[in-house]
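Down below is the structure, laid out as C-alpha cells.
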Amino acid sequence: MAKKIYETPMLDELEKGPWPSFISGFKRLRDEHPDERINTVVSGLLGQLEHSYETRKGYWKGGTVSVFGYGGGIIPRFSEVAEAFPESKEFHTIRVQPPAGNHYTTDMLNQLCDSWEKYGSGLITFHGQTGNIMFIGTDTDGTQEFFDDINEYGWDLGGAGPCVRTAMSCVGGARCEQSCCNEHAIHRHLVNEFVDDVHRPALPYKFKFKVSGCPNDCQNSIERADFAVIGTWRDEMKIDQDEVKAFVEAKGRDYVLDNVTSRCPTNCIKLNDDNTMTVDNHECVRCMHCLNVMNKALSPGDDKGVTVLIGGKRTLKIGDLMGTVVVPFKKLETLEDYEELVELASEMIDFFAENALEHERTGEMIERIGLVNYLEGIGVEVDPNMVSAPRQCSYVRMDGWDEEAEKWFARKAEQAAS
Amino acid sequence: MALADMRSPIESGCPDGFQYMHPVMRRNFGLWKYHEHPRPGVLLHVAHSGDKIWTVKAGTQRILDTFTLRKLTEIGDKFADGYIHFTLRSNIEYMTDDESKVEPLIKALEDAGFVVGGTANSVAMISHTQGWLHCDIPGTDASGVVKSMMDELIDDFKNCDMPNRVHITTSCCQINCGGQGDIAINVQHTKPPKINHDLVGNICERPTVVARCPVAAIRPAMVDGKPSLEVDEKKCICCGACFPPCPPMQINHPEHSKLAIWVGGNHSNARSKPTFQRLVAAGVPNNPPRWPEATAIVKQILKAYKEGAKDWERINDWIERIGWPRFFEVTGLPFTKYHIDNWRGARNSLNASTHIRF
C-alpha cells in the first residue's frame with residue numbers, strides 16, 4: 001500500500017533549532033527507510049501526533065498484550081483515532097532490561113537495531129524513566145516475534161504493572177572514584193532473584209530497586225526506589241595531604257574555606273595553617289561534598305558497604321515519600337553477604353505482597369502501619385539511624401519499655417562481643 | 001499458532017554489564033583514583049594503575065530512530081573502540097584510552113548534529129517521559145517540550161558554567177514519572193474530570209476508582225439509570241488519579257490542563273539531605289508546539305540562580321541560603337495562596353520562628 005503522508009505543520013516547528021530533532025528522525029524513517037512497513041507505520045504515528053498537538057490531547061489507550069509465558073513487560077497501545085490514522089493503530093512498547101550499569105557494545109546495539117527493524121517501528125529510547133530500553137511501536141504479532149528474536153541472544157523483558165520492576169544502577173566502579181560497592185553485582189543479585197515477580201505481575205503495586213555507588217545517589221534511589229542501596233564507608237576517609245596542599249595552592253585558602261570547610265554539614269573538616277586538612281571522621285555523615293570538590297585529595301575509606309533505604313516513591317497517592325533508613329550499614333564482600341541482602345529484599349517483598357493494599361507502594365504501607373510494625377514484620381531491629389529525631393508527642397502507650405530497653409542493651413553487648 | 005508451537009521464554013533477567021564494558025573500565029573496576037574535567041563534555045578518569053580513560057558526553061533527541069542510533073554506533077566504532085554508555089538522563093557517552101581520539105570524536109559528534117556537553121556544572125539533558133507520543137494518560141507531550149527547551153538552553157548544556165549542576169525534569173501528568181529535579185515542569189490539571197456516564201459502568205472497576213482518589217471525592221452513583229461514579233467537585237483536587245483506572249473520567253483538557261513549575265528537588269546527600277521540589281509557578285499554558293511561556297519561566301529562574309548562587313550551591317542550597325521571599329523577589333514570580341501547603345505534614349513547611357530576612 002502506498003503510504004499516505006499527513007501534513008504536520010506543528011511538528012515541523014520541532015525540526016527547527018539547534019538541538020537534535022526527534023521529528024526529523026521520525027521523518028527519516030517515514031521517507032528513507034527501505035522497509036515499506038516502517039515507512040507506513042511511522043507515517044501514521046506522525047499523523048496522530050500532529051493531531052495531538054492540534055487538539056492538545058493524547059489518543060492512546062491501554063489493553064492486554066504480552067508474550068507467551070509472561071504476564072507483563074509490554075506497554076500495550078491501541079489508537080483511539082485508528083480510523084483517521086490506521087497505519088499505527090497498534091503501537092506497543094516493549095520494555096527490555098538493560099545490562100547493569102547501561103553499558104553496550106556498538107555491535108550489540110546494531111544487532112538490536114537489526115531485530116527491531118524487522119519487527120518494529122525503528123524507534124528506541126535508552127532508557128525510560130524506570131530504566132528499561134524502550135522499543136517503541138509494534139503490533140501484537142511483532143511483539144512476540146521481536147521478543148523471541150532478542151531473547152535468544154540474551155535480552156529479557158522488564159517489568160510493567162504491579163510487579164518487581166527493572167532495576168537501575170549507576171556507572172559506579174566501572175568509571176567512578178567515589179564508588180563504594182559493586183553496583184552491578186548488587187543490581188543483578190537483587191533483580192535476578194525475582195525474575196518471576198518481574199514477569200508475572202502479582203504484587204499490590206510496583207516494587208523498584210535502584211543502586212547508587214555513593215551518597216551522591218546519581219540514580220535518585222532515595223526519591224524513586226522502594227528499595228534503595230547506596231554505597232558508603234565507615235572507617236576514615238583517605239586524605240592525600242600533598243594533593244590537599246596542591247589544591248589549596250591552586251585555588252587559595254579563601255576558596256577552600258568558602259567552598260569546602262564551611263559547607264560541611266557537621267563542621268568536621270578543618271583546613272590547618274600549613275594547608276593540610278584534618279577530618280573528625282566520627283562526626284562525618286559521608287555527605288560527599290568535600291570529596292566532590294577535592295576528588296584528587298579526598299577519597300572514601302576502605303571499610304566499604306551499603307546503606308539500605310526503603311519506601312521512596314512519587315506523588316500517587318498520598319504525596320511524595322523519600323526512602324528511609326532500614327539498614328544503616330551492611331558489608332557486601334562475601335557471597336553470604338549478598339545472600340543476606342537478597343534475603344532481606346525477599347522478606348520485604350513477601351511482607352508487601354501480604355500487607356499492602358491494592359495500588360499501595362511500600363512507602364505508603366509504612367506510612368499507614370508505622371515503621372515499627374514494618375520492621376517487626378520483616379524481622380529488623382530498631383536503630384537510632386532510622387530517625388532524624390525521636391518521638392515528639394507523649395501520646396503513646398509505653399508499658400513494654402523495660403523489655404525494649406533490655407533488648408537494646410543485649411544487642412549492644414552482642415555487638416561488643418563480636 | 002497452536003499453543004504447543006509457542007516458544008517458552010528464557011528468563012535471563014538483567015544481563016551482565018561487564019561483557020559490554022570498555023576493557024579499560026573492566027580492568028580498573030572499583031579502582032579509580034580521581035577524575036578531571038578537561039573541557040565541557042569531556043571527563044578524564046585516572047585509575048590507581050595509572051590507566052586513563054577519556055569520556056565524551058553528548059546529548060541526543062532521546063527518542064532515537066534506527067538511522068540515528070546507527071550513526072551513533074558508527075561514531076563509536078571509529079573513535080571509541082566500539083563501546084557506549086548511556087547516562088541516567090539519556091545522554092550518550094563514548095570512552096577511549098587514546099587522548100588523540102577525543103577532539104576528532106567531538107568533531108564527528110558535532111558534525112552529525114549531536115551536542116557535546118552535559119558534564120559538571122551544566123544544565124543537563126532534561127529527563128522526560130512519553131507524553132502524547134505513547135502514554136495513555138498524558139496532559140502534554142514530553143519530547144516536544146524538551147526539544148523546545150533544550151533549543152533555548154543549549155549554551156548552558158555546552159558551557160557547564162552554572163554554580164552547580166542543574167537537573168530539569170518534565171512530567172505529563174501529576175503522577176510525575178519525570179521525578180524530582182532542580183527545576184520540574186509538570187502538568188497541573190485545574191478542573192475536575194469530565195465523566196462519560198454511558199461508559200463508566202462497563203469499563204471501570206468502580207471500587208478501585210473510588211479507592212484511588214487521594215481525597216475521597218468519588219462515590220458510586222446511578223446516573224440516568226446506569227451504574228456510574230460521581231465526583232464531589234468541591235473536594236476534588238483535580239489530580240487525575242482516577243483517570244488511569246477509569247478512562248471515561250477524562251481529566252485532560254486543551255485549556256484547563258496547565259503546566260506548573262517546581263524547583264529545588266535534589267537527590268544528592270551532598271551538604272544537605274535530599275530534598276523534594278517545591279511549587280513556584282502555575283497556570284502556565286500548555287502551548288504546543290514550542291511551549292514558549294514555560295521556557296521563559298525556566299530561563300528566568302536559571303538567570304537568577306546563575307547570578308545569585310555561590311559555587312557548588314544547587315538550586316535548593318541557594319534558596320535555603322537566601323530564603324523563599326528573596327527567591328520570589330529575584331525571579332519576579334508571584335507568591336500566592338497556592339504556595340502555602342495544606343497537604344499532610346504541611347505544618348512542617350510553615351515558618352515557626354522569627355527568622356525573617358529584611
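Chains A and B are the protein sequences, given in the same order.
With the working numbering, the residue at position 272 of the first sequence is 272, and numbering never jumps.
With the working numbering, the residue at position 132 of the second sequence is 132, and numbering never jumps.
Note that CB positions come from ideal geometry on N, CA and C, so glycine has one too.
*Residue range of the beta strand (DSSP E) that G283/B falls in?*
Translated into positions along the second sequence, residue 283/B becomes position 283. 278-284 is the span of the beta strand (DSSP E), which, as asked, contains G283/B.
*In the structure shown, what three-state DSSP assignment does A4/B receive?*
The residue labelled residue 4/B in the question sits at position 4 within the second sequence. Three-state DSSP puts A4/B in a helix.
*asked:* Let me see if you follow: with CB-CB separation under 8 Å, is T315/A close to chain B or not?
replied: In the first sequence, counting from the first residue as 1, residue 315/A sits at position 315. Chain B, which has a Cβ nearer than 8 Å to the Cβ of T315/A, makes this yes.
*List the residues that DSSP assigns as beta-bridge partners of V85/B.*
Sequence index remark: in the second sequence, residue 85/B carries index 85 (1-based). The sequence as given places His at residue 85/B; Val does not occur at that position. Note: H85/B sits in a beta bridge opposite H103/A, E93/B.
_Inter-residue CB distance, L405/B and V56/B (contact presumed, cutoff 8 Å)_ = Residue 405/B is absent from the structure shown; chain B starts at 1 and stops at 358.
*If we count the other Cβ atoms within 10 Å of its Cβ and call it buried at 16 or more, is W343/B buried or exposed?*
For this step, residue 343/B is matched to residue 343 along the second sequence. So W343/B ends up on the exposed side.
*Any C-beta of chain A sitting closer than 8 Å to the C-beta of I63/B?*
Looking up residue 63/B in the second sequence gives position 63. Closer than 8 Å to some Cβ of chain A, the Cβ of I63/B qualifies, so yes.
*Find the residues of chain A that neighbour A241/B, judging by a C-beta separation of less than 7 Å, and give them in chain order.*
Here residue 241/B is taken as the residue at index 241 of the second sequence, counted from 1. Those are L316, K317, listed as they occur along chain A.
*Contact set for R357/B: own chain, Cβ-Cβ below 6 Å, skip 5 residues either direction*: Within the second sequence, residue 357/B is the residue found at index 357, counting from 1. G323, listed in sequence order.
*Within chain A, the residues that E11/B reaches when beta carbons sit closer than 7 Å*: As a working mapping, residue 11/B is identified with position 11 in the second sequence. By Cβ distance, chain A contributes D156, V195, H199.
*Rounded straight-line distance, which links the Cα of F146/A to that of N220/A*: The sequence position of residue 220/A within the first sequence is 220, counting from 1. The sequence position of residue 146/A within the first sequence is 146, counting from 1. When rounded, the distance between both Cα atoms is 31 Å.
*Could you name the residues of the same chain whose beta carbon sits closer than 6 Å to that of K330/A, not counting the 5 residues immediately before and after it, in chain order?*
Within the first sequence, numbered from 1, the residue matching residue 330/A stands at position 330. Here the set comprises G305, V306.
_Local Cβ density within 10 Å of R361/A, reported as buried at 16 or more and exposed below that_ = Against the first sequence, residue 361/A aligns to sequence position 361. So R361/A counts as buried.
*List the whole-angstrom C-beta distance separating Q180/B from A260/B, where the pair is believed to meet the contact cut-off of C-beta under 8 Å.*
On the second sequence, residue 180/B is found 180 positions in, with the first residue counted as 1. On the second sequence, residue 260/B is found 260 positions in, with the first residue counted as 1. Not really, about 14 Å apart at Cβ, beyond 8 Å.
*From this set, V164/A, E50/A, C214/A, A202/A, which residue's C-alpha is nearest E193/A's C-alpha?*
Taking the first residue of the first sequence as 1, we reach residue 193/A at position 193. The shortest C-alpha separation from E193/A is found at V164/A.
_Can you check whether the C-beta of C160/B is within less than 8 Å of a C-beta belonging to chain A?_
For the purposes of this step, residue 160/B is identified with residue 160 of the second sequence, where counting begins at 1. False, the Cβ-Cβ gap to chain A never drops below 8 Å.
*Nearest to G13/B (by Cα), restricted to the options N151/A, D217/A, F352/A, N259/A*: Stepping through the second sequence from its first residue, residue 13/B is reached at position 13. Among N151/A, D217/A, F352/A, N259/A, the Cα nearest to that of G13/B belongs to N151/A.
*Buried or exposed: where does F135/A fall if 16 or more other Cβ atoms within 10 Å of its Cβ makes it buried?*
Your numbering for residue 135/A matches position 135 in the first sequence. Buried.
*Find the nearest neighbour of I94/A within the set E80/A, G142/A, Y53/A, judged by alpha-carbon distance.*
The count along the first sequence starts at 1 and reaches residue 94/A at position 94. The option with the nearest alpha carbon to I94/A is G142/A.
*Alpha-carbon to alpha-carbon, Y70/A and G137/A*: Counting from one through the first sequence, the residue named residue 137/A turns up at place 137. Counting from one through the first sequence, the residue named residue 70/A turns up at place 70. Rounded to whole angstroms, the separation of the alpha carbons of Y70/A and G137/A is 19 Å.
*asked:* Let's test the definition: count the other Cβ atoms within 10 Å of the Cβ of T106/A and tell me whether it reaches 16, buried, or not, exposed.
replied: Locating residue 106/A in the first sequence gives position 106, counting from the first residue. Of the residues assessed, T106/A falls on the buried side of the cut-off, its CB having 16 or more other CB atoms within 10 angstroms.
*Quick one: is H127/A near chain B, going by C-beta distance under 8 Å?*
On the first sequence, residue 127/A is found 127 positions in, with the first residue counted as 1. For H127/A, a Cβ of chain B is located within less than 8 Å of the residue's own Cβ.
*Determine the direct distance from the alpha carbon of P104/B to that of L298/A, and round the result to whole angstroms.*
Residue mapping note: residue 298/A aligns to position 298 of the first sequence, counting from 1. Residue mapping note: residue 104/B aligns to position 104 of the second sequence, counting from 1. Whole-angstrom Cα-Cα distance: 33 Å.
*For W60/A, which of helix, strand or coil comes out of DSSP?*
In the first sequence, counting from the first residue as 1, residue 60/A sits at position 60. Residue state, collapsed to three classes: strand.
_Can you look up A47/B in the DSSP assignment and give me helix, strand or coil?_
Sequence index remark: in the second sequence, residue 47/B carries index 47 (1-based). Note: A47/B maps to strand in three-state DSSP.
*Does any C-beta atom of chain A lie closer than 8 Å to the C-beta of F366/B?*
Since the first and last residues shown for chain B are 1 and 358, residue 366/B lies out of range.
_Using only the alpha-carbon positions, how far apart do T295/B and A345/A sit?_
Reading the second sequence from its first residue, position 295 is the one you call residue 295/B. Reading the first sequence from its first residue, position 345 is the one you call residue 345/A. Using only the alpha carbons, I get a separation of about 42 Å.
*Put A185/A into one of helix, strand or coil per three-state DSSP.*
Taking the first sequence and counting its residues from 1, one reaches residue 185/A at position 185. In this structure, A185/A counts as helix in the three-state DSSP scheme.
*asked:* If you measure between the beta carbons of T315/A and I175/B, is that distance less than 8 Å?
replied: The count along the first sequence starts at 1 and reaches residue 315/A at position 315. The count along the second sequence starts at 1 and reaches residue 175/B at position 175. Yes. Within cutoff.
*Residue range of the alpha helix (DSSP H) that Y374/A falls in?*
Translated into positions along the first sequence, residue 374/A becomes position 374. Run containing Y374/A: 371-378, per the alpha helix (DSSP H) assignment.
*Ordered along the chain, which non-local residues of its own chain (more than five positions away) have a Cβ less than 7 Å from that of F18/B?*
For the purposes of this step, residue 18/B is identified with residue 18 of the second sequence, where counting begins at 1. Hits under 7 Å: R26.
*asked:* So, with DSSP's three-state summary, where would you put P220/B?
replied: Indexing the second sequence from 1 puts residue 220/B at position 220. P220/B falls in the strand class under three-state DSSP.
*Classify I5/A as buried or exposed, calling it buried when 16 or more other Cβ atoms lie within 10 Å of its own Cβ.*
On the first sequence, residue 5/A is found 5 positions in, with the first residue counted as 1. In this structure I5/A is exposed. Its beta-carbon is surrounded by fewer than 16 other beta-carbon atoms within 10 angstroms.
*Leaving out five residues before and five after A241/B in sequence, what residues of the same chain have Cβ atoms less than 7 Å from its Cβ?*
For the purposes of this step, residue 241/B is identified with residue 241 of the second sequence, where counting begins at 1. Here the set comprises R212, C213, P214.
_For a cutoff of 8 Å on Cβ pairs, would you count Y20/B as touching chain A?_
Taking the second sequence and counting its residues from 1, the one referred to as residue 20/B is at position 20. Yes, contact with chain A.
*asked:* Could you tell me the alpha carbon to alpha carbon distance between C204/B and S228/B, rounded to whole angstroms?
replied: Numbered from 1 along the second sequence, position 204 holds the residue referred to as residue 204/B. Numbered from 1 along the second sequence, position 228 holds the residue referred to as residue 228/B. Here the C-alpha atom of C204/B lies approximately 9 Å from the C-alpha atom of S228/B.
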